[in-house]
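Notes follow once the structure below has been shown.
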Amino acid sequence: MHFIVYDLEATCWEGEQPTMTQETIEIGALKIDRYGEVLGSFSRLIRPKLHPILSHFCRQLTTIDQVEVNRAASFPEVIEDFQDWCGLYDGDEFLLCSWGSFDKRQLASDCRLHDLETDWLESHINVRRQYHDLKNLRKYKGLKRVVEAEGFEFTGTYHRGLS
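My numbering puts the first residue of the sequence shown at 182, with every later residue one more than the last.
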């Protein structure tokens with residue numbers, strides 16, 4: 182059994198945009214064995230289909246450059262590589278792990294947009310919910326605050342998949 186700890190970044194706009202469909206623009210993940218050893222990493226950008234031009238807000242929030250996104254592969258290509266990396270095609274057992282429910286919902290939405298299967302997403306755990314249940318917290322805290330509350334220093338780039 183491997184744990185696939187992943188994070189997505191998606192297209193976004195400043196303020197509420199109920200008519201705009203978000204699309205994944207980055208997947209970052211670590212493959213971890215049952216002993217906590219990191220076995221590998223996955224990091225890919227994705228070229229969005231519906232809104233290929235990133236908003237100024239999105240570029241600033243994620244630090245993802247438009248030129249990089251223009252050069253990126255499509256969602257179906259990247260998700261096939263991701264599934265292969267996870268071990269889906271080898272019959273490996275894996276559990277997808279994300280901080281919150283957004284990432285699973287977003288992957289499912291992208292799969293539906295591209296007429297791809299979503300059943301592989303069922304083996305998933307919301308780590309934020311597990312953490313808050315374990316700590317008996319009523320109100321959800323953001324990942325950065327939890328990292329600091331646990332005595333660690335947050336490093337990397339906030340709003341980037343693998344950071």
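Using N, Cα and C, we set each Cβ at its ideal position, and we do this for glycine too.
Quick caveat: nothing in here was measured; it's all calculated off a predicted structure.
Beta carbon of residue 139, beta carbon of residue 277: below 8 angstroms?
-> The structure shown does not extend to residue 139, since the chain is modelled only from 182 to 344, so the question has no answer here.
Review point. Looking only at its own chain, which residues have a Cβ that is under 7 angstroms from the Cβ of residue 259, when we skip the five neighbours before and after it?
Key: 208, 225, 227
- Query: What residue range is occupied by the uninterrupted beta strand (DSSP E) comprising residue 212?
  - Reply: 205-213
**Asked** Who are residue 221's beta bridge partners in DSSP?
**Response** 212
- Do you know whose CA, among 308, 255, 223, lies nearest residue 206's CA? 255
field: Every unbroken alpha helix (DSSP H) within the region 247-288, with a cutoff of 4 residues, ordered by chain
entry: The qualifying runs are 247-252, 256-267.
Spatial neighbours of residue 289 within its chain, please: CB distance less than 6 angstroms, with the 5 preceding and 5 following residues excluded, ordered by chain position. Taken in chain order, the residues that qualify are 299, 302.
Exercise. Provide the residue span of the alpha helix (DSSP H) that contains residue 333, from first to last.
Key: Bounds of any alpha helix (DSSP H) do not take in residue 333, whose DSSP letter is neither H nor E.
DSSP three-state label for residue 319, please. coil
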